[in-house]
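Sequential numbering of the first sequence, starting at 55, is according to my numbering.
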Amino acid sequence: MNIQESIIAGIQLAFQNIFNADLSLDQLALAPTRKEFEGTYTFVVFPFLKISQTTPENTANQLGAYLKDNVAEVAGFNVVKGFLNLELNNQIWLGVFQQLFDNENFGQLPANGQKVMVEYSSPNTNKPLHLGHLRNNFLGYSVAEILKANGYEVIKSNLVNDRGIHICKSMVAYQHFGNSETPESSGLKGDHLAGKYYVLFDQEYKKQIAMLIASGQSEDEAKKTAPIILEAQEMLRQWEANDEEVVSLWKRMNEWVYAGFESTYERMGVDFDKFYYESDTYLLGKDIVEEGLSKGVFFKKENGSVWVDLTAEGLDEKLVLRGDGTSVYITQDMGTADLKYEDFKIDKSVYVVGNEQDYHFDVLYKIMRKLGRPYGDGLYHLSYGMVDLPSGKMKSREGTVVDADELMQEMVDTAESHTKELGKIEGFNPEQAAELYEMLGLGALKYFLLKVDPKKRMLFNPKESIEFQGNTGPFIQYSHARIASILRKASMIGVDYHAVDFSKVTKLEDSEAALIFILNDFEKKIELAGQEYSPSVLAQYLFDLSKEYNRFYADLPIFLENDEVILAFRVALSDLTAKTIKKGMSLLGINVPDRM
RNA sequence: GGCCCCAUAGUUCAACGGAUAGAAUGAGCGUUUCCUAAACGCUAGAUCCAAGUUCGAUUCUUGGUGGGGCUACCA
Numbered sequence: 055m056n057i058q059e060s061i062i063a064g065i066q067l068a069f070q071n072i073f074n075a076d077l078s079l080d081q082l083a084l085a086p087t088r089k090e091f092e093g094t095y096t097f098v099v100f101p102f103l104k105i106s107q108t109t110p111e112n113t114a115n116q117l118g119a120y121l122k123d124n125v126a127e128v129a130g131f132n133v134v135k136g137f138l139n140l141e142l143n144n145q146i147w148l149g150v151f152q153q154l155f156d157n158e159n160f161g162q163l164p165a166n167g168q169k170v171m172v173e174y175s176s177p178n179t180n181k182p183l184h185l186g187h188l189r190n191n192f193l194g195y196s197v198a199e200i201l202k203a204n205g206y207e208v209i210k211s212n213l214v215n216d217r218g219i220h221i222c223k224s225m226v227a228y229q230h231f232g233n234s235e236t237p238e239s240s241g242l243k244g245d246h247l248a249g250k251y252y253v254l255f256d257q258e259y260k261k262q263i264a265m266l267i268a269s270g271q272s273e274d275e276a277k278k279t280a281p282i283i284l285e286a287q288e289m290l291r292q293w294e295a296n297d298e299e300v301v302s303l304w305k306r307m308n309e310w311v312y313a314g315f316e317s318t319y320e321r322m323g324v325d326f327d328k329f330y331y332e333s334d335t336y337l338l339g340k341d342i343v344e345e346g347l348s349k350g351v352f353f354k355k356e357n358g359s360v361w362v363d364l365t366a367e368g369l370d371e372k373l374v375l376r377g378d379g380t381s382v383y384i385t386q387d388m389g390t391a392d393l394k395y396e397d398f399k400i401d402k403s404v405y406v407v408g409n410e411q412d413y414h415f416d417v418l419y420k421i422m423r424k425l426g427r428p429y430g431d432g433l434y435h436l437s438y439g440m441v442d443l444p445s446g447k448m449k450s451r452e453g454t455v456v457d458a459d460e461l462m463q464e465m466v467d468t469a470e471s472h473t474k475e476l477g478k479i480e481g482f483n484p485e486q487a488a489e490l491y492e493m494l495g496l497g498a499l500k501y502f503l504l505k506v507d508p509k510k511r512m513l514f515n516p517k518e519s520i521e522f523q524g525n526t527g528p529f530i531q532y533s534h535a536r537i538a539s540i541l542r543k544a545s546m547i548g549v550d551y552h553a554v555d556f557s558k559v560t561k562l563e564d565s566e567a568a569l570i571f572i573l574n575d576f577e578k579k580i581e582l583a584g585q586e587y588s589p590s591v592l593a594q595y596l597f598d599l600s601k602e603y604n605r606f607y608a609d610l611p612i613f614l615e616n617d618e619v620i621l622a623f624r625v626a627l628s629d630l631t632a633k634t635i636k637k638g639m640s641l642l643g644i645n646v647p648d649r650m
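Quick look at the structure:
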């Protein structure tokens, strides 16, 4: 039983003994005491005034007195209006600290026997990754790591959108303008090369539309009849008919793109256990349509198209199969959902996809539940908002897209110039320095994108993201480096903090108690972040921890202190803080340096 | 038109229905004989509007206003 639980149990008993009322444990909750008040935990008595039949102050005072006398953890209390603030004694803190210090698996909850798939990234293979993908990839990776820390077995998957009209556009443009160009001959990364032809297609398409309009066609007509778009559509048909030449070009260009993505993913620090390709899955799901019809979940219209009626669930009727028997998007998503289950027997499935598809996934999940899938209740759409630029929305056609590779490089370059400016790299060899810049640049970028509540639309200001001050990744990384410095110094002068006898520590400063309180909370924060699939909770926590530690550190007379036990205790506290930061940051996919 | 999401200091973000709404940044003023000043301290500044539920509402409900998204036999 932890401290909170035993206090709550004590409150339950207090209500029985004082007010003769039986309350269940889940009616009682503690909150952390706000820092401007004395105490560690606060119990709010307002909801229980009907039971106590007296004033808030009286109620709180009676409860507090009972807890102080009967619960070992409670050393004292104070009452402010209806708020009962409970103060814990130092020995309890030290016990908590000892537990944290002894726990080898700090930050890892026990296995819960559940399997979850996290699908993220899911790029199109016709152009390079951009800023929006970065938010997706960092979120997906981080959520997967947080779920692991929560005790899940996690499978990271990537559903690659490698077929369709958009790929054919790049291919058609390559046939027209490519001149056998390759990544090697052009010096471009494969994904950027494909992207170049996608842009060329669009330019040519626009040119043709303009000409057709000039010759008297309407805009809609022109868009449908421009020769190059017809060509792309024809190519898609050929691809589906397995035309040898088209398929071979498709394979070649996709290989380039995959090689490009691979290096981008590597630099991002994300990885996958399983790749799915739409070229393999786009025909799946038709059997489910049959199943749905026979189960009465779907119905057929006169023209043969198949629909699901979700009006009872507050949605519309949605098409699941066209009248000509061909698939729509949701058909293959139904099939892929089953495929994932067949492959891994997962209990839960998290889809990291932008919020413009909220409706689509709402429909998909409702269908799979209606069909009675065992994983139905475990389907979760981790929906995230768009990333805006100060100049407005990103639009690929207008060239306002921020390229992922370029952005990462820019962040690393800035880390380098900033670090050199501060003269912080004395004693680093070139490899170590490069590694540090990489850590700092990417840490800044990841933290910037992860600290915001995923569902909110966010603003990405390139200048601010490169800032290393304030609520940023580098601030937390810096805190870690400072602590590591203390630990080095401590071992140099021979402080053996592993052998501290905590029972000999008698006095706890406020800042130390605050740190222990925060550290004690770590596993709960992981759990919370896991339930909400929200790295932002964890990011905020790590920032708070770093800030608290920097305060502690700012006037830490550690090497002037004579009392050996206190000294060792403080070093041990630093060590634990460093471990927490390192663990927490690794759940966000961010590395922390020992020196910087 | 219908449905969904969002709205908090100048700005970017926080706040299980709880206390005087927190941080960061920007502005101003300070702090370095010593462990990393990429730090620390102090000062100024905000809940879109209106009702309702509640002992208590930034949070829940309803109605407005503003911003974004979805609303294809596209993916």
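Glycine included, each C-beta is placed from N, C-alpha and C at the ideal position.
For Tyr434, name the three-state secondary structure that DSSP assigns.
Position 380 of the first sequence holds residue 434. Tyr434: strand per DSSP, three-state reduction.
In chain order, which continuous runs of the alpha helix (DSSP H) of length 4 or greater are located wholly inside the segment 341–422?
Complete alpha helix (DSSP H) runs here, min 4: 383–398.
Flag this pair as touching only if the segment 316–326 and the segment 191–205 have three or more C-beta atom pairs under 8 Å; answer yes or no.
Contact between the segment 316–326 and the segment 191–205 is present, because at least three Cβ pairs lie under 8 Å.
Throw me the rounded Cβ distance for the Leu490 and Thr473 pair, which I believe falls under 8 Å.
Start at 1 with the first residue of the first sequence, and residue 490 comes out as number 436. Start at 1 with the first residue of the first sequence, and residue 473 comes out as number 419. 7 Å between Cβ atoms; contact.
Please confirm whether Ser437 and Asn483 have their CB atoms less than 8 Å apart.
Within the first sequence, residue 437 is the residue found at index 383, counting from 1. Within the first sequence, residue 483 is the residue found at index 429, counting from 1. Their beta carbons are not under 8 Å apart, which means Ser437 does not touch Asn483 by this criterion.
If I measure Cβ to Cβ from Tyr434 and keep anything under 6 Å in the same chain, skipping five residues before and after, which residues do I get?
Position 380 of the first sequence, counted from the start, is the residue given in the question as residue 434. So the qualifying residues of the chain are Val404.
Grab me the residues of Asp507's own chain with a C-beta within less than 8 Å of its C-beta, minus the 5 sequence neighbours each way, in chain order.
To locate residue 507, count along the first sequence from 1; it is residue 453. Excluding sequence neighbours, Asp507 sits near Ser588, Ser590.
According to DSSP, Val128 sits in a beta bridge with which residue or residues?
Working through the first sequence from its first residue, we reach residue 128 at position 74. Answer is Leu142.
Does the segment 84–94 come into contact with the segment 115–125, if we say contact requires no fewer than three beta-carbon pairs (one atom in each stretch) closer than 8 Å?
Not touching, per the Cβ criterion.
Would you kindly report the start and end of the unbroken beta strand (DSSP E) that includes Ile209?
As a working mapping, residue 209 is identified with position 155 in the first sequence. 207–214 is the span of the beta strand (DSSP E), which, as asked, contains Ile209.
Quick check: the Cα distance between Asp156 and Phe97, rounded to an integer number of angstroms?
For the purposes of this step, residue 156 is taken as residue 102 along the first sequence, with counting starting at 1. For the purposes of this step, residue 97 is taken as residue 43 along the first sequence, with counting starting at 1. Between Asp156 and Phe97, the C-alpha separation is close to 30 Å.
In the DSSP assignment, what residue or residues form a beta bridge with Asn178?
Along the first sequence, read from residue 1 onward, the residue named residue 178 stands at position 124. According to DSSP, Asn178 bridges with Asn215.
Go ahead and pull the three-state DSSP assignment for Pro86.
For this step, residue 86 is matched to residue 32 along the first sequence. Note: Pro86 maps to strand in three-state DSSP.
So, does the segment 231–250 touch the segment 206–214, judging by three or more C-beta pairs under 8 Å?
Judged by Cβ distances under 8 Å, the segment 231–250 makes no contact with the segment 206–214, as fewer than three pairs qualify.
Could you check which residue in Val455, Thr94, Asp76 has the C-alpha nearest to that of Leu138?
Position 84 of the first sequence, counted from the first residue, corresponds to residue 138. Considering only alpha carbons, the answer is Thr94.
Which residues does DSSP pair with Val441 in a beta bridge?
Counted from its first residue, the first sequence places residue 441 at position 387. In the DSSP output, where bridge partners are listed per residue, Val441 has Met512.
Tell whether a beta-carbon distance below 8 Å holds between Leu188 and Leu503.
Locating residue 188 in the first sequence gives position 134, where the first residue counts as 1. Locating residue 503 in the first sequence gives position 449, where the first residue counts as 1. Contact: yes.
Looking at the secondary structure, which residues open and close the beta strand (DSSP E) in which Lys169 lies?
Counting from one through the first sequence, the residue named residue 169 turns up at place 115. Here the beta strand (DSSP E) through Lys169 covers 169–173.
Sort Val343, Pro444, Asp416, Ile570 by Cα distance to Gly358 and report the nearest one.
In the first sequence, counting from the first residue as 1, residue 358 sits at position 304. Of Val343, Pro444, Asp416, Ile570, the residue nearest in Cα terms is Val343.
On the three-pair Cβ rule with 8 Å, is the segment 524–534 touching the segment 493–503?
With the cut-off at 8 Å, the segment 524–534 and the segment 493–503 touch.
In this structure, how does DSSP classify Thr335 when only helix, strand and coil are distinguished?
Translated into the one-based positions of the first sequence, residue 335 becomes position 281. Three-state DSSP puts Thr335 in a helix.
What is the C-beta distance between Ile530 and Ser628, in whole angstroms, given that I count them as a contact (C-beta under 8 Å)?
What you label residue 530 is simply residue 476 of the first sequence in a count that begins at 1. What you label residue 628 is simply residue 574 of the first sequence in a count that begins at 1. Not quite, the Cβ-Cβ distance comes to about 15 Å (not below 8 Å), so this is no contact.
Of all the options Val360, Ser565, Met650, Ile65, which has the alpha carbon lying nearest to the alpha carbon of Gly477?
Your numbering for residue 477 matches position 423 in the first sequence. Comparing Cα-Cα distances from Gly477 to each of Val360, Ser565, Met650, Ile65, the minimum goes to Met650.
With 16 as the cutoff for other CB atoms within 10 Å, does Gly389 come out buried or exposed?
To locate residue 389, count along the first sequence from 1; it is residue 335. Counting Cβ neighbours within 10 Å, Gly389 comes out buried, since at least 16 surround it.
Please list the terminal residues of the continuous beta strand (DSSP E) segment that includes Val98.
Mapped onto the first sequence, residue 98 falls at position 44. Element bounds for Val98: 95–98.
Can you check DSSP and say which residues form a bridge with Tyr607?
Your numbering for residue 607 matches position 553 in the first sequence. Partner(s): none; Tyr607 has no beta bridge.
DSSP beta-bridge partners for His184?
In the first sequence, the residue the question calls residue 184 occupies position 130. Note: His184 sits in a beta bridge opposite Asp457.
Just tell me which of Lys633, Ile263, Gly368, Ala535 has its CA closest to the CA of Pro281.
Your numbering for residue 281 matches position 227 in the first sequence. Pro281 has its Cα closest to that of Ile263, out of Lys633, Ile263, Gly368, Ala535.
Using the Cα positions of Leu140 and Asn56, report the straight-line distance between them to the nearest angstrom.
Walking along the first sequence from the start, residue 140 turns up at place 86. Walking along the first sequence from the start, residue 56 turns up at place 2. Near 15 Å, if we compare the C-alpha coordinates of Asn56 and Leu140.
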